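Residue numbers (full-length UniProt numbering), protein chains in the order written: chain E, 1 to 327; chain L, 1 to 327.
Glycine included, each C-beta is placed from N, C-alpha and C at the ideal position.
The structure presented is a predicted model; accordingly, all values stated were derived computationally and were not measured.
Worksheet: the structure to be examined is printed underneath.
Number of protein chains: 2
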Amino acid sequence: MPTIQDVAKKAGVSVATVSRVLNNPSTVKKITKQKVQKAMEELDYSPSILGRNLRNSESRMLLVLIPKISNPFYLRIVEGIEENALEHGYNILVCQTHSKTERESVYFDLLRNRLADGAITMDPTIDKEKLIHLAKQFPIVQCSEYDKDKSLSYITIDSELAAYQMTKFLLKQGHRRIAMVNSDEKFLYARERKNGYLRALKEFDAAFEENWIYRAANVTFEEGQQAMRSLLNREEGFTAVFAVSDMLAIGALKELNIQGISVPDEMAISGFDKIDFTNMTFPRLTTVAQPMYKMGSIAVEMLIKKIRGEKIEDVILDHELIIREST
Amino acid sequence: MPTIQDVAKKAGVSVATVSRVLNNPSTVKKITKQKVQKAMEELDYSPSILGRNLRNSESRMLLVLIPKISNPFYLRIVEGIEENALEHGYNILVCQTHSKTERESVYFDLLRNRLADGAITMDPTIDKEKLIHLAKQFPIVQCSEYDKDKSLSYITIDSELAAYQMTKFLLKQGHRRIAMVNSDEKFLYARERKNGYLRALKEFDAAFEENWIYRAANVTFEEGQQAMRSLLNREEGFTAVFAVSDMLAIGALKELNIQGISVPDEMAISGFDKIDFTNMTFPRLTTVAQPMYKMGSIAVEMLIKKIRGEKIEDVILDHELIIREST
DNA sequence: CTGAAAGCGCTAACAA
DNA sequence: TTGTTAGCGCTTTCAG
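As structure tokens, then:
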């Protein structure tokens, strides 16, 4: 592999000049530039990013931490991140934490090792202490997840409001016994969505019991199915179910299909996120659209500003109710 | 950020010794080692991968090229790649080509720039000429896709055989008019699956007309739905459909649901790949299981061997028919 | 077992 | 407009 030295020699100029045509072409005389470019072509030269990175002490790499890449919700955010990162001349390192602290730790080392210039984290299970500590040394943005105490930059949506609106929608449709499929309440978003759900119920004087909430250990299809099975067994006469994630809702829907319960006639069901697959179910799923792509895209914007040392403000994006045939 | 120099100074040793405790701890005296480790801890030192990479002229990064990250088939392969790469001390750079040559080109430059030590490509639309040329200079492994001419290393399954077996299974179930939802026949796998399908039909003396094959422009849910709509319009009395991809099959299944056609009673349908969602449809989809995770994992194995300069052999993995309720 | 020193490929300050 | 040169942080040979 030819180096900048080889090019310089071949073109009969110094390495500085070669570097200039690479980075500041306007500062070198046209004729010299052409000589250099010709040499580059003949040698099939490509600059080594390794050398450049060391010299600039940057890696032009962004760390993206997600719990599980197979979760379509995160995936869509990652697409937004990738696109915008690329535009800014950054590549992304997508890492799955599997919600394990050890893994997380390994990946955060990539920051400490200068292999990434900054990180976007989406893992709600993250070790907050460590994260806050880390954020003091390195540019970090939280995406979708966030903290109440404002020590970390974030971009998210208003989960409480969205849940409130969706529950209200179900109530307005006449449903009075609405179950909820929540995820673990150690997650802030789970607590917020529950609050929104409760606020709407209260506003409509609808019945509620704490055990109408099914708490899914994981946000998966299987858990959703299990949730619906469990809910149906209680024979509480629910007519609607509000799930805090599309994956859970799709699982629940499948169980309803299996048991021959007609949706939405006998049971309405709504999800959250608007992943692509909500469009593929039968019937299609009513859900809350999160602007995932945009969220990823803006997260990059924020992170890069942070890397440059600029101040940034937290962002709360708009959501939207998507009413389809499942309700 | 402290450097190896800082550590050396603090510990009262040379940088070489610090480097040794980092890379060859056994070659340094216990007491010196402890001194150095203490210094490292006090300074909260982490070695810069940037410096190491330049010195070693390697990036310990693997390029992974896929058409679209949202395609669950590729995603599962990527999981296999990631896991195994990590085990070998490599990180992966997942890049979406969107099946566009320009994109592909940009990403392949990461090899030329030494930002990746090798690449695993899964894009069937790739510019073969360029790929072959590139593979002469850089370690590259094709995954899932492959060439007839043996100029590129690959790992894949026997598509022809799988398609043959699946079609045969449908025939044995008594189906005599079987439509096929194929993808663009510019792809080798599409041609092979068609051949397998035809071979089975011939063996059973089943009817066939060229226009029983729907050629999907993209391997997407929407195309699958469109395919089924189109097939149903022909009123050819099909009783089964063989789709070359689960995404297509799931789309087709949705259309059957919409039209109120009972599956499998009025129409049997089978997919290909065994992505997770085939488990979530109602009814669950009969399909051909590809060992995607394993494929990714072995691809890494092959690539790393190649990087090390070892000889490798191409691999054809076993598949498996998964018979479920859709047939 | 340890240290001195060269050098990986590049950029940028300084000089000419 | 161009060249000389130092140095980014690390590993590794060679001497001691």
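(1) Using 8 Å for Cβ pairs, my map puts T156 of chain E next to Y197 of chain E. What's the rounded Cβ distance?
(2) Kindly indicate if chain E contains any beta-carbon less than 9 Å away from that of G118 of chain L.
(3) Is it true that the region 300-309 of chain E meets the region 109-121 of chain E, where meeting means three or more beta-carbon pairs spaced less than 8 Å apart?
(4) DSSP on R215 of chain E, reduced to helix/strand/coil?
(5) Output, in sequence order along the chain, the residues in the region 187-221 of chain L whose CB is closer than 8 Å to any CB in chain E.
(6) Between E255 of chain L and the rest of its own chain, which residues show a CB-CB distance below 7 Å, the 5 nearest in sequence each way excluded?
(7) Should Q34 of chain L be labelled buried (16 or more other beta-carbon atoms within 10 Å of its own) or exposed?
(8) In the DSSP output, what is L65 of chain E paired with across the bridge?
(9) Starting from L317 of chain E, trace the beta strand (DSSP E) in both directions and tell me its first and last residue.
(10) If we count the other Cβ atoms within 10 Å of its Cβ and call it buried at 16 or more, is T327 of chain L buried or exposed?
(11) Using alpha carbons as the reference points, say which of E:S144, E:K130 and E:Q290 lies closest to V64 of chain E.
(12) In whole angstroms, what is the alpha-carbon distance linking E325 of chain L and M247 of chain E?
(13) I believe L170 of chain L touches A240 of chain L by the beta-carbon criterion, under 8 Å. Please report the beta-carbon distance rounded to the nearest angstrom.
(14) From the beta carbon of I269 of chain E, is the nearest beta carbon of chain L less than 9 Å away?
(15) Does the separation of the CB atoms of I4 of chain E and V18 of chain E fall below 9 Å?
(16) Only counting the same chain, and skipping five residues up and downstream in sequence, which positions put a Cβ closer than 6 Å to that of A11 of chain L?
(17) Using the beta-carbon count (16 or more within 10 Å), is E223 of chain E buried or exposed?
(18) Looking at C-alpha atoms only, which residue of E:I69, E:R215, E:N211 and E:G80 is the closest neighbour of E82 of chain L?
(19) Check this for me: beta carbons of A206 of chain L and V181 of chain L, under 9 Å apart or not?
(20) Any Cβ of chain L within less than 9 Å of the Cβ of F277 of chain E?
(21) Since Y107 of chain L is in the beta strand (DSSP E), which residue starts that stretch and which ends it?
(22) How about D109 of chain E: is its C-beta nearer than 9 Å to some C-beta of chain L?
(23) Which word fits residue 333 of chain E, buried or exposed, when buried means at least 16 other C-beta atoms lie within 10 angstroms of its C-beta?
(24) Hey, out of L:I49, L:L152 and L:L86, whose CA is closest to L131 of chain L's CA?
(25) Does the separation of the CB atoms of Y164 of chain L and A200 of chain L fall below 9 Å?
(26) Grouping DSSP H, G and I as helix and E and B as strand, with all else coil, what is I275 of chain E?
(27) Can you name, in chain order, every residue of its own chain whose Cβ lies under 7 Å from the Cβ of K292 of chain E, other than the five neighbours on each side?
(28) Going by Cα to Cα distance, which pick from L:K148, L:P25 and L:L86 is closest to D314 of chain L?
(29) Quick one: list the residues of chain L neighbouring M302 of chain E, beta-carbon separation under 9 Å, in chain order.
(30) Indicate whether G251 of chain L and M280 of chain E have their beta-carbon atoms separated by less than 9 Å.
(31) Between the beta-carbon of I258 of chain L and the beta-carbon of A289 of chain L, is there less than 9 Å?
(32) So Q142 of chain L is in the beta strand (DSSP E); what residue range does that whole segment cover?
(33) Please report the Cβ distance between N113 of chain E and I92 of chain L, rounded to the nearest whole angstrom; I am assuming they are in contact, meaning their Cβ atoms lie under 8 Å.
(34) Which residues, taken in chain order from the region 246-267 of chain E, show a beta carbon closer than 8 Å to some beta carbon of chain L?
(35) Looking at the C-beta of V241 of chain E, does it have a partner C-beta in chain L at a distance below 9 Å?
(36) Return the chain-ordered list of same chain residues with a C-beta closer than 7 Å to the C-beta of I312 of chain L, the five sequence neighbours on each side being excluded.
Let's see:
(1) On the first sequence, residue 156 of chain E is found 156 positions in, with the first residue counted as 1. On the first sequence, residue 197 of chain E is found 197 positions in, with the first residue counted as 1. In fact, because the Cβ distance is near 18 Å, the residues do not count as touching under 8 Å.
(2) Along the second sequence, read from residue 1 onward, the residue named residue 118 of chain L stands at position 118. No - not a single Cβ of chain E is within 9 Å of the one on G118 of chain L.
(3) Between the region 300-309 of chain E and the region 109-121 of chain E, the count of C-beta pairs closer than 8 Å reaches three or more; the two stretches touch.
(4) Here residue 215 of chain E refers to the residue found at position 215 when the first sequence is read from its first residue. It is a strand residue.
(5) F221
(6) Within the second sequence, numbered from 1, the residue matching residue 255 of chain L stands at position 255. Counting only Cβ-Cβ distances below 7 Å, and skipping sequence neighbours, we find Q225, M228 and R229.
(7) If you number the second sequence from 1, residue 34 of chain L lands on position 34. Sixteen is the threshold: since fewer than 16 other Cβ atoms of the shown chains lie within 10 Å of the Cβ of Q34 of chain L, the residue is exposed.
(8) As a first step, residue 65 of chain E must be located in the first sequence, where it is residue number 65. Answer is E:C95 and E:T121, bridged to L65 of chain E.
(9) On the first sequence, position 317 is the one that residue 317 of chain E refers to. According to the DSSP assignment, L317 of chain E belongs to the beta strand (DSSP E) that extends over V315 to L317.
(10) By 1-based counting over the second sequence, the position of residue 327 of chain L is 327. With 16 or more other Cβ atoms within 10 Å, it is buried.
(11) To locate residue 64 of chain E, count along the first sequence from 1; it is residue 64. It is E:S144.
(12) Against the second sequence, residue 325 of chain L aligns to sequence position 325. Against the first sequence, residue 247 of chain E aligns to sequence position 247. Separation of E325 of chain L and M247 of chain E (C-alpha to C-alpha, rounded to the nearest whole angstrom) is 22 Å.
(13) For the purposes of this step, residue 170 of chain L is taken as residue 170 along the second sequence, with counting starting at 1. For the purposes of this step, residue 240 of chain L is taken as residue 240 along the second sequence, with counting starting at 1. Indeed they touch by this definition, with Cβ atoms about 5 Å apart.
(14) Here residue 269 of chain E corresponds to residue number 269 of the first sequence, with the count starting at 1. Not closer than 9 Å to any Cβ of chain L, the Cβ of I269 of chain E fails to qualify, so no.
(15) As a working mapping, residue 4 of chain E is identified with position 4 in the first sequence. As a working mapping, residue 18 of chain E is identified with position 18 in the first sequence. Against a cut-off of 9 Å, the Cβ pair of V18 of chain E and I4 of chain E comes out as a contact.
(16) Stepping through the second sequence from its first residue, residue 11 of chain L is reached at position 11. Annotation for A11 of chain L: K35, V36 and A39 place their beta carbon closer than 6 Å to its own, counting only its chain and skipping 5 residues before and after.
(17) By one-based count along the first sequence, residue 223 of chain E stands at place 223. Buried, since its Cβ has 16 or more Cβ neighbours within 10 Å.
(18) Translated into the one-based positions of the second sequence, residue 82 of chain L becomes position 82. Of the listed residues, the one whose Cα sits closest to E82 of chain L is E:I69.
(19) Working through the second sequence from its first residue, we reach residue 206 of chain L at position 206. Working through the second sequence from its first residue, we reach residue 181 of chain L at position 181. No, these two residues do not count as a Cβ contact at 9 Å.
(20) The residue you call residue 277 of chain E lines up with position 277 of the first sequence. Chain L contact via Cβ: present.
(21) Translated into positions along the second sequence, residue 107 of chain L becomes position 107. Per DSSP, Y107 of chain L belongs to no beta strand (DSSP E); it is in the alpha helix (DSSP H), T101 to R112.
(22) Translated into positions along the first sequence, residue 109 of chain E becomes position 109. Yes, D109 of chain E lies at the interface with chain L (some Cβ there is under 9 Å from its Cβ).
(23) There is simply no residue 333 of chain E to check, as chain E begins at 1 and stops at 327 in what is shown.
(24) Within the second sequence, residue 131 of chain L is the residue found at index 131, counting from 1. That would be L:L152, whose Cα lies nearest to the Cα of L131 of chain L.
(25) Locating residue 164 of chain L in the second sequence gives position 164, where the first residue counts as 1. Locating residue 200 of chain L in the second sequence gives position 200, where the first residue counts as 1. A contact, by the Cβ cut-off of 9 Å.
(26) Taking the first residue of the first sequence as 1, we reach residue 275 of chain E at position 275. I275 of chain E falls in the coil class under three-state DSSP.
(27) The count along the first sequence starts at 1 and reaches residue 292 of chain E at position 292. In the sequence as displayed, the identity of residue 292 of chain E is Met instead of Lys. Answer for M292 of chain E: F73, R76, I77 and G80, listed in chain order.
(28) Mapped onto the second sequence, residue 314 of chain L falls at position 314. For the residues L:K148, L:P25 and L:L86, the minimum Cα distance to D314 of chain L belongs to L:K148.
(29) Position 302 of the first sequence, counted from the first residue, corresponds to residue 302 of chain E. Neighbours of M302 of chain E on chain L: none; closest Cβ ~22 Å, over 9 Å.
(30) As a position in the second sequence, residue 251 of chain L is number 251, starting the count at 1. As a position in the first sequence, residue 280 of chain E is number 280, starting the count at 1. It is a contact, given that the beta carbons lie within the stated cut-off.
(31) Locating residue 258 of chain L in the second sequence gives position 258, counting from the first residue. Locating residue 289 of chain L in the second sequence gives position 289, counting from the first residue. Contact flag unset, no.
(32) Against the second sequence, residue 142 of chain L aligns to sequence position 142. Taken as a continuous stretch (DSSP letters only), the beta strand (DSSP E) holding Q142 of chain L covers I140 to C143.
(33) Here the question's residue 113 of chain E lines up with position 113 in the first sequence. Here the question's residue 92 of chain L lines up with position 92 in the second sequence. With a Cβ gap of about 16 Å, N113 of chain E and I92 of chain L do not count as contacting.
(34) I250, G251, K254, N257 and I258
(35) Along the first sequence, one-based indexing puts residue 241 of chain E at 241. Chain L contact via Cβ: absent.
(36) As a working mapping, residue 312 of chain L is identified with position 312 in the second sequence. Counting only Cβ-Cβ distances below 7 Å, and skipping sequence neighbours, we find S153, M302, K305 and K306.
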